[in-house]
Structure formats: C-alpha cells, structure tokens
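What follows is a short report on a single structure.
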Amino acid sequence: MSGASGAIYGIRMMEALGAVDDVEIHLIMSPAAGQTIVDETDWKVSKVKALAHVVHSHKDIGASLSSGSFRTAGMVVAPCSVKTLSGIVNSYDENLIVRAADVCLKEKRRVVLLVRETPLHLGHLELMARAAQFGAVVMPPVPAFYHRPKTIDDIVNQTVGKTLDLFDIPHDLFRRWKETAPAEVEV
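Per this note's numbering: the sequence shown = residues 1 to 187.
Next comes the structure, spelled out in structure tokens:
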C-alpha cells in the first residue's frame, strides 16, 4: 500500500483475499499509507496489518519478496501513488514496494497498479504506458455503474473484484454485466 488516496482499496483487497484458501497475504505499507489510512478510514493501522499473514517493512530490501526465488502469484499495489509508479517504471528500488514489483516484472509475474491520481498530465500517462510495456496492468480504480452501486463499498468492491479477476481468484464482490440485469428500457 502506497500513500495515495484510496487506502480502502488495499484494505478491501486484503479482506477479500483473506477469505480465499491457499492465499498468503504479504503486506508492504509505506509510512504515508499509514497516515492515509488514519485520514481516510475508521481503521487503525494495526488492524490493517492484522489482515496480512506477513507484514514487511517498506525499508527491508532484503525481505523474501525482494528475490525472484521467492515464488508469488504476483502483486497488487493498492492504492498506487504516482511516486511509486515512477519508482517501478524506473527500477528505482529504494523501498520494498518498488523492489518487489520490479522482481515480479522481471520474473514475468502479474503486477496490478491501482494508480490513484487525477487529473493526469502527460508525464503520468507516459509512466503508465511504460509500466504497461514492462508487463504491469495499470488499473486506475475507475468505477463502473452497470451494477448500480448504491454505496462507496459497492464501488470499491467492483474494483477489487476486477483486480481479483486478473488473478483468476473467484469472488462474488459485484454483479457482472447482464447478470440478473434490470428490466430492459425502451429507447
């Protein structure tokens, strides 16, 4: 979790993954993420950390996740700040979030970046394009409305569910397109 706005995405991701058998959740939380959690949610940082099976210090460049020999299904950075995006694209491995993403990319493992910034200038867009060229999935948490969200949780769940889909992890976090769709409207 980086310090970008949208800490609830990372929290909800861990809640959803915690309900899946055979998934071990490793959390790397930047110091700014801790502040964002406090500012944006009713969660305590200690409770967020308790959602993970393993918590790594963002400074621990020697952690298991920093080596390609440590097998993972991939990585989700939720939320992903532009600073973290830039670090990943430029392989500026100054912290474990960036190093772990760099390792996943070099090992051809899935990396999903929930980039949280708006509006975007050309530099941001170029960073996202380069991340995609390197194999990352750039997935700004842009809400869909076909499932008729009624709450912020509905919007968050749809983004988290779409992310889980990228890892072929089954879930029932949102109603899919045309899945018990509302009655047709004449146009």
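Every residue, glycine too, gets a C-beta built ideally from N, C-alpha and C.
Beta-carbon contacts of residue i that lie in its chain and below 8 Å, excluding the five residues immediately before and after
i          : result
residue 14 : 25, 27, 48, 51, 52
residue 58 : 28, 29, 30, 31, 95, 96, 97
residue 41 : 7, 8, 11
residue 99 : 61, 65, 66, 93
Reference residue i; option with closest CA among the options
i           : options            : result
residue 85  : 68, 172, 71, 114   : 114
residue 146 : 176, 93, 98        : 176
residue 16  : 151, 30, 167       : 167
residue 61  : 144, 68, 43, 94    : 94
residue 67  : 40, 57, 107        : 107
residue 159 : 71, 142, 1         : 142
residue 35  : 64, 99, 169, 5     : 5
residue 20  : 103, 126, 144, 170 : 170
residue 119 : 109, 140, 103      : 140
residue 165 : 44, 46, 43, 73     : 73
residue 70  : 23, 144, 103       : 103
residue 91  : 18, 179, 127       : 127
residue 153 : 173, 163, 162      : 173
Backbone secondary structure at residue i - three-state DSSP
i           : result
residue 3   : coil
residue 160 : helix
residue 173 : coil
residue 168 : coil
Close-in-space but distant-in-sequence residues of the same chain around residue i (CB under 7 Å, 5 per side omitted)
i           : result
residue 101 : 75, 77, 88, 111
residue 188 : Nothing about residue 188 can be read from this structure; the chain reaches only from 1 to 187.
residue 129 : none
6 Å Cβ shell around residue i - same chain, five flanking residues per side excluded
i           : result
residue 105 : 111, 134, 135
residue 32  : 3
residue 1   : 10, 29, 33
Check whether residue i and residue j have beta carbons under 7 Å apart
i           : j           : result
residue 212 : residue 156 : Because the chain spans 1 through 187 in this model, residue 212 falls outside it and cannot be assessed.
residue 149 : residue 116 : no
residue 55  : residue 124 : no
Any non-hydrogen atom of the ligand FAD within 6 Å of residue i CB
i         : result
residue 9 : Annotation note on the ligand FAD: not contained in the displayed structure, which lists no ligands.
Along the chain, which unbroken stretches of the alpha helix (DSSP H) at least 4 residues long are found entirely within the region 9-63?
Here the runs fully enclosed are 31-40, 45-49.
Every unbroken alpha helix (DSSP H) inside the region 54-114 [4 residues or more]
Counting whole runs of 4 or more residues, the region 54-114 contains the alpha helix (DSSP H) stretches 82-89, 96-106.
Which complete alpha helix (DSSP H) runs does the region 114-156 hold, if anything under 4 residues is left out?
Runs of the alpha helix (DSSP H) lying entirely within the region 114-156 and spanning at least 4 residues, in chain order: 122-133.
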